[in-house]
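Residue numbers (this note's numbering): 7 to 169. Structure record follows, encoded as structure tokens.
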Amino acid sequence: RAAHALAGLARLCHNEWVTDEQTEVEVLGDRIVALETQLYDLRSQRQLEAAEMSELKKQTAAEVAAARANCAAELATMRRQLDVETRRADAAVAAAGGDVAGVDLTQFPDSMRTCQAASAWLLKLAHEVPRNVHWVESPCLRADARSVKLFQAGLKRCGLPAD
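Take a look at the structure:
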């Protein structure tokens, strides 16, 4: 009887050990499956993010191209406006008997386009101005730093004082 009981106890212990080992294997297996699933989800998410990033790059490139086209169109419009304002300024000089000093630059609207037109017009006339003439900035030119720089650059090119 004792031997039979010991054999039964040994089987029971063996079964519990096997059961514990099987449970550990099952837990580890479940953990591996969970990690693989998580890895798959992360890869899928990364692929989605990469696709979204690619789409954003395409969209940004399209927006940049559209912005460049708009800028080119605006520049063309500004150049046409500059030509109109330059002709208008030339007419004002002609009406003043060709005397640049007799032209009131404040008659031109105080806008960037007109400032650029006035500075371009002054650049065009700068080579005709005697060296002893010093320019006084108009309010229009003072409002547009870029126009002032362009004007000063033109004066320097003509050998005139730029201040």
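Beta carbons: idealized from backbone N, C-alpha and C, even for Gly.
Within its chain, find whatever has a CB closer than 8 angstroms to the CB of residue i; leave out the 5 residues flanking it on each side and keep chain order.
i	result
E42	none
R93	none
Using the rule of at least 16 other Cβ atoms within 10 Å of the residue's Cβ for burial, across every protein chain shown, is residue i buried or exposed?
i	result
E91	buried
With a CB to CB cut of under 7 angstroms and the five nearest residues on each side skipped, what residues in its chain are close to residue i?
i	result
A56	none
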